[in-house]
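In full-length UniProt numbering, the protein residues as written are 1 to 98.
Think of the CB as a built atom: it goes at the ideal place given N, C-alpha and C, for glycine as much as any other residue.
A quick note: this is a predicted structure, and the numbers were derived from the prediction, not measured.
Spelled out as structure tokens, the structure:
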């Protein structure tokens, strides 16, 4: 659980990652990286081969996660990362969605 004592510093990033990002532990590595940084949200595979993720937390930690997505898991080959920012919606914890 993340300390939300300063909600004003929190942001939300909705991310789509393309490339060879499925079947290479991208989701599990994303979950681990987010938890290490105290970022809430989720990650899932899409039918079109991309990975979709939502990151909520302190702006600097969310930015670190967006940057992390450009490399991702060691076996991934990322072609592109699309990001949209918005107001936080209250994600709590970080999970892999199926």
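Quiz item: Which residue from 92, 79 and 65 puts its Cα closest to that of residue 14?
Solution: 65
Quiz item: Is the distance from the Cβ of residue 72 to the Cβ of residue 21 below 8 Å?
Solution: yes
Quiz item: With burial defined as no fewer than 16 other Cβ atoms inside 10 Å of the residue's Cβ, what is the status of residue 12: buried or exposed?
Solution: buried
Quiz item: What do you reckon, are the CB atoms on residue 44 and residue 52 nearer than 8 Å?
Solution: yes
Self-check item: Any alpha helix (DSSP H) of 4 or more consecutive residues that is wholly inside the UniProt domain "Acylphosphatase-like" (12-98)
Solution: 26-37 and 59-69
Quiz item: Excluding the five sequence neighbours on either side, which residues of its own chain have a C-beta within less than 8 Å of the C-beta of residue 31, listed in chain order?
Solution: 43, 94, 95 and 96
Quiz item: For residue 59, which option in 25, 23 and 34 has the closest C-alpha, if you only look at C-alpha atoms?
Solution: 34
Self-check item: Test item: CB-CB of residue 27 and residue 88 under 8 Å
Solution: no
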